[in-house]
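Positions 4 to 109 (the numbering used here) are the ones given, in order, by the sequence shown.
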Amino acid sequence: MTRVSPDELASVLRAFGMPTLRAGIIRTTLDRGTVTAQDLMEALEVGRTTLVPHTQALVASGILVQEKDPTKVGAKAGFNRLVWRVDRQALGRDLAVLCAALQSDR
């Protein structure tokens with residue numbers, strides 16, 4: 004796979020209006036397999052209130068799958084009782100739809 008520089012990625016994401024944080028959430032989750040809110044907050048250096056709307060949007064799109072973390076129990080675990088993983092099929096499908104729409108001969 005071709006390596007993309009952070010500047011190049013940021014430029015492309017800006018062009019398509021995708022928040023760099025969402026790309027970071029997807030990349031971090033793909034790299035780790037599953038992540039908690041704490042994992043993402045530490046890796047991406049953001050707070051919970053910044054993170055939440057982005058994870059919610061990715062869950063709503065089907066790209067992120069949200070599950071309860073079986074290792075965390077009780078109310079004290081709060082938001083960290085959740086884990087996310089990337090649905091690679093949903094991600095691939097959405098990227099294919101975007102490419103097809105942009106390259107359409109309509």
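No residue lacks a Cβ here, since even glycine has one placed at the ideal position from N, Cα and C.
Model, not experiment: these values are computed from the prediction.
Within a Cβ cutoff of 7 Å, which residues of the same chain sit near residue i, ignoring the five residues on either side of it in sequence?
| i | result |
| --- | --- |
| Ala13 | Thr23 |
| Pro56 | none |
| Lys71 | Arg84 and Leu85 |
| Leu54 | Ala40, Leu43 and Met44 |
| Arg35 | Asp42 |
Between residue i and residue j, which are expected to be in contact by the criterion C-beta below 8 Å, what is the C-beta distance as a whole number of angstroms?
| i | j | result |
| --- | --- | --- |
| Thr39 | Val7 | Contact doesn't hold; Cβ gap of about 26 Å is too wide. |
| Arg88 | Thr31 | Not a contact, Cβ separation roughly 11 Å. |
| Leu33 | Ala26 | With a Cβ gap of about 11 Å, Leu33 and Ala26 do not count as contacting. |
Compute the Euclidean distance between the alpha carbons of residue i and residue j, then round it to the nearest angstrom.
| i | j | result |
| --- | --- | --- |
| Arg84 | Asp108 | 46 Å |
| Val68 | Gln59 | 10 Å |
| Thr5 | Gly20 | 22 Å |
May I ask you to report which of helix, strand or coil DSSP gives residue i?
| i | result |
| --- | --- |
| Val7 | coil |
| Glu70 | strand |
| Val38 | strand |
| Val49 | coil |
Leaving out five residues on either side along the sequence, give the residues of the same chain with a beta carbon under 8 Å from the beta carbon of residue i.
| i | result |
| --- | --- |
| Leu94 | Ile29 and Ile66 |
| Val62 | Val68, Gln69 and Trp87 |
| Asp90 | Gly65, Ile66, Leu67 and Val68 |
| Gly50 | Met44 |
State whether the stretch 96-103 contacts the stretch 41-58, with contact taken as three or more CB pairs (one from each stretch) at a distance under 8 Å. Between the stretch 96-103 and the stretch 41-58, the count of Cβ pairs shorter than 8 Å is below three; the stretches do not touch.
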